[in-house]
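K.L.:
Numbering (this note's numbering), first residue to last: 8 to 356.
1) If we count the other Cβ atoms within 10 Å of its Cβ and call it buried at 16 or more, is residue 253 buried or exposed?
2) From which residue to which residue does the beta strand (DSSP E) around residue 250 run?
3) Under 9 Å between the Cβ atoms of residue 312 and residue 263?
4) Looking only at its chain, what residues have a beta carbon closer than 7 Å to the beta carbon of residue 64, apart from the 5 residues adjacent to it on each side?
5) What does a CB cutoff of less than 7 Å around residue 250 pick up in its chain, not counting 5 residues either side in sequence?
6) Going by CA-CA distance only, name the one from 140, 154 and 153 that's closest to residue 225.
7) Going by CA-CA distance only, name the one from 108, 57, 217 and 334 that's closest to residue 233.
8) Kindly say whether residue 206, judged by its beta-carbon, lies nearer than 9 Å to any beta-carbon of chain C.
9) I think residue 335 touches residue 265, with their Cβ atoms under 8 Å apart; what is that distance to the nearest whole Å?
10) Can you look up residue 316 in the DSSP assignment and give me helix, strand or coil?
11) Where DSSP assigns a beta bridge to residue 225, which residues make up the other side?
12) Which residues bound the alpha helix (DSSP H) around residue 75?
13) Let me make sure I understand the geometry here. Which of 92, 150, 70 and 73 has the alpha-carbon closest to that of residue 108?
14) Would you mind sorting residue 143 into buried or exposed? The rule is 16 or more other CB atoms within 10 Å of its CB.
15) In the structure shown, what three-state DSSP assignment does residue 2 receive?
16) Looking at the structure shown, is residue 86 part of a helix, part of a strand, or coil, going by DSSP?
17) Which residue marks the beginning of the alpha helix (DSSP H) containing residue 331, and which one marks its end?
18) Quick one: what's got a C-beta closer than 8 Å to residue 122's C-beta in the same chain, skipping five residues either side?
19) In the DSSP assignment, find the unbroken alpha helix (DSSP H) run with residue 287 in it and report its ends.
20) Leaving aside the five residues before and after residue 2 along the sequence, list all residues of the same chain whose C-beta is less than 8 Å from its C-beta, in chain order.
21) Does the distance from the C-beta atom of residue 340 to that of residue 279 stay below 9 Å?
22) Taking all protein chains shown into account, decide if residue 82 is buried (16 or more other Cβ within 10 angstroms of its Cβ) or exposed.
23) Tell me, which residues are paired with residue 264 by DSSP?
24) Give me, in chain order, the residues of the same chain whose beta-carbon lies closer than 7 Å to that of residue 284; leave out the 5 immediate sequence neighbours on both sides.
25) Do you know whose CA, among 276, 255, 299 and 306, lies nearest residue 291's CA?
26) So the alpha helix (DSSP H) residue 300 belongs to, where does it begin and stop?
27) Run through the DSSP bridge pairs and tell me what residue 214 is partnered with.
28) Can you have a look at residue 269 and say buried or exposed, based on whether 16 or more other CB atoms are within 10 angstroms of its CB?
29) Per DSSP, what kind of secondary structure is residue 259 in: helix, strand or coil?
30) In terms of alpha-carbon separation, which member of 96, 238 and 276 lies closest to residue 77?
31) Determine the burial state of residue 337: buried for a count of at least 16 other Cβ atoms within 10 Å of its Cβ, exposed for fewer.
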């Protein structure tokens, strides 16, 4: 049985190759288990964060590269055509390059996350808080591009000649990349002009919500409904946006109608009630304007204007003030108007 030959290799050669792959897989699982359950517990007890970062970023890439090495030794046990050996060799190199790049991306990203990000929180400026996530994205893309160039170069292509020879294909790519570049410039514009910062509430077009992330290409917003939107930066930079969080105070304007049988004295009392309630509220400015402005179709209309200090509390403040006005009107026996119709019936004799 062991003397059987398939495609130029004895059966035992195939079994040995499979055995090497199996050992690589088992070793990978063992190393991953040891890292997760033993080494992590040791590093957690040390004062430095660097060993925790190294263990975290090495785990999966190390197991991946171990499998690649296992694959390399497995196919080298077999007698294969030169073309197949060359193909497997290139695949092994590419997978190894990907594994190393994966490790570098995770390592640099973790350094920025655990060291650079906490430093930005100590500064008064919010600009550096926005730059760190963008820097993480830029570094990631640089490593990916370098990895791609190394893979292309590994196949024997001259990268410089390849880029120079794109011709019409390069033009088509440039046109396709126009939107992407627009979004990138939009992202830099947002960072430079700072029309809004993280966790500030903004309005533009028909969108209203809080900025949760500012990236190179897109900005993520949490709407008032609790849904998340991913918006291209080019759209934001070309649109007029309103920063609600930077408003010093929000103007509130409303009209209350009282019935026509309300006396002048009661009308003056109603305006005083509204003004007193608004001014006494802790979240409003002292300035409140009230005026009897109109003889309506079915009511005497009182216009009231006031300002809420904290725009994030608009609904709560309005609710409290409106309820207090309603209670005070009921207590003062001031009747609010509603649409009525008077019918005059003439008796025909």
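All C-beta atoms, glycine included, are put in the ideal place defined by N, C-alpha and C.
P.N.:
With the given structure in hand:
1) exposed
2) 248 to 250
3) no
4) 110, 113, 114 and 117
5) 202, 203, 207 and 209
6) 140
7) 217
8) This model lacks chain C altogether, as it is built from one protein chain only.
9) Wrong, their Cβ atoms sit about 13 Å apart, outside the cutoff.
10) coil
11) 239
12) 57 to 83
13) 150
14) buried
15) Since the first and last residues shown for the chain are 8 and 356, residue 2 lies out of range.
16) coil
17) 321 to 338
18) 56
19) 271 to 287
20) Look at the range of the chain in this structure, 8 to 356, and you will see that residue 2 is not part of it.
21) no
22) buried
23) 308
24) 328, 331, 332 and 335
25) 255
26) Per DSSP, residue 300 belongs to no alpha helix (DSSP H); it is in the beta strand (DSSP E), 291 to 302.
27) 211
28) buried
29) strand
30) 96
31) exposed
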